[in-house]
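> Let me give you the structure first, and then I'll get to my questions.
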Amino acid sequence: MALRALLARKTLASAPGLGGAAAAVSSRGLQTSSLPDLPYDYGALQPAISGEIMQLHHQKHHQAYVTNYNKALEQLHDAMGKGDAPAVVKLQSAIKFNGGGHVNHSIFWKNLAPIQEGGGEPPKGSLGWAIDDHFQSLDALVQKMNAEGAALQGSGWVWLGVDKELKKLVVETTSNQDPLVTKGPSLVPLIGIDVWEHAYYLQYKNVRPDYLKNIWKVINWKYASEVYEKECP
């Protein structure tokens, strides 16, 4: 059932990070994805994140996830058409990894904004109140996410999410390119920070804590607040 749902056009179009990036449907009825444009220039987040990192991260790494995700979907479509169960099972890991990479990065770009466009400005309204309620203060939340992100072994993500059923904020980490939803079906990402080395190594070398400290200067809390208010009206 999960594989059929993955191939369903409606599911792909509505998945987080895929809706705005969906490409034209091929003659076989398979909907693929494309690399989303950034809402700012590559150098707009400097000095927190260099233009060189942003360009490589977007054009090379995110593009690779999109390319490999589309390739895996096409292979899955063919395997299912042939009734090749071993091939279908084998492709699931590639779809999860590359599809997750596409979903996560599509959120990540929206989570960032140049300082002159509001990047780093503290959250206001209902999200700001919820942060104070769940974590005592914004500083405490930042410290918690930085600590968990720095402690994450290998590659992955650190998230601020909301459990839309419990109306509760949560901090979670995921490995590799696993989306936040893998930690719970009711979890919706508000802020996701990429702690793969490709997100910071050219600028921060192996000092991940410095990257985590500085990225908050360009976090787009306005976007996070909009998502929160939609999920917790």
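Per our numbering: the sequence shown = residues 76 to 308.
Where a beta carbon is used, it is the ideal one built from N, C-alpha and C, also for glycine.
1. Take Asn145 as the anchor and find which of Pro122, Met155, Leu105, Gly118 has the nearest alpha-carbon.
2. Within 10 angstroms of its Cβ, does Gln191 collect 16 or more other Cβ (buried), or is it exposed?
3. Which residue from Lys165, Leu187, Glu149 puts its Cα closest to that of Pro114?
4. Tell me the residue span of the alpha helix (DSSP H) that contains Leu148.
5. Going by DSSP in three states, Glu247 sits in which element: helix, strand or coil?
6. So does the stretch 212 to 223 actually touch the stretch 171 to 185, counting three or more Cβ pairs closer than 8 Å?
7. According to DSSP, is Pro189 helix, strand or coil?
8. Contact between the stretch 256 to 273 and the stretch 285 to 295: three or more CB pairs below 8 Å?
9. Decide if Trp232 is buried, meaning its Cβ has at least 16 other Cβ atoms within 10 Å, or exposed.
10. Count the other C-beta atoms from every protein chain shown that fall within 10 angstroms of the C-beta of Trp204, then say buried if there are 16 or more, exposed otherwise.
11. For Gln134, count the other beta carbons within 10 Å of its own beta carbon; 16 or more makes it buried, fewer makes it exposed. Which is it?
12. In terms of DSSP beta bridges, what is Leu262 paired with?
13. In terms of residue numbering, what span does the alpha helix (DSSP H) encompassing Ser300 cover?
14. Which value, in whole angstroms, describes the spacing of the CA atoms of Gln138 and Asn251?
15. Using DSSP with H/G/I as helix, E/B as strand and the rest coil, what is Gln106?
16. Any heavy atom of the ligand ADP inside 7 Å of the beta-carbon of Ser125?
On the basis of the data shown:
1. Measuring C-alpha to C-alpha distances from Asn145 to each of Pro122, Met155, Leu105, Gly118 identifies Leu105 as the nearest.
2. Using a 10 angstroms sphere on the CB of Gln191, the tally of other CB atoms stays under 16, which defines it as exposed.
3. It is Leu187.
4. It spans 138 to 157 - the alpha helix (DSSP H) in which Leu148 sits, taken as one unbroken run.
5. Three-state DSSP puts Glu247 in a strand.
6. Touching, no.
7. Pro189 sits in coil when the DSSP states are folded into three classes, being neither helix nor strand.
8. Touching, yes.
9. By the neighbour-count criterion, in which 16 or more other beta carbons inside 10 Å mark a residue as buried, Trp232 falls on the buried side.
10. By the neighbour-count criterion, in which a residue is buried when 16 or more other Cβ atoms sit within 10 angstroms of its Cβ, Trp204 is exposed.
11. The residue in question, Gln134, is exposed, as its Cβ has fewer than 16 Cβ neighbours within 10 Å.
12. Paired residue(s): Asp238.
13. If you look at Ser300, you'll find it in the alpha helix (DSSP H) that goes 296 to 306.
14. Cα to Cα, Gln138 sits roughly 16 Å from Asn251.
15. Three-state DSSP puts Gln106 in a strand.
16. This structure lacks the ligand ADP; in fact it carries no ligand of any kind.
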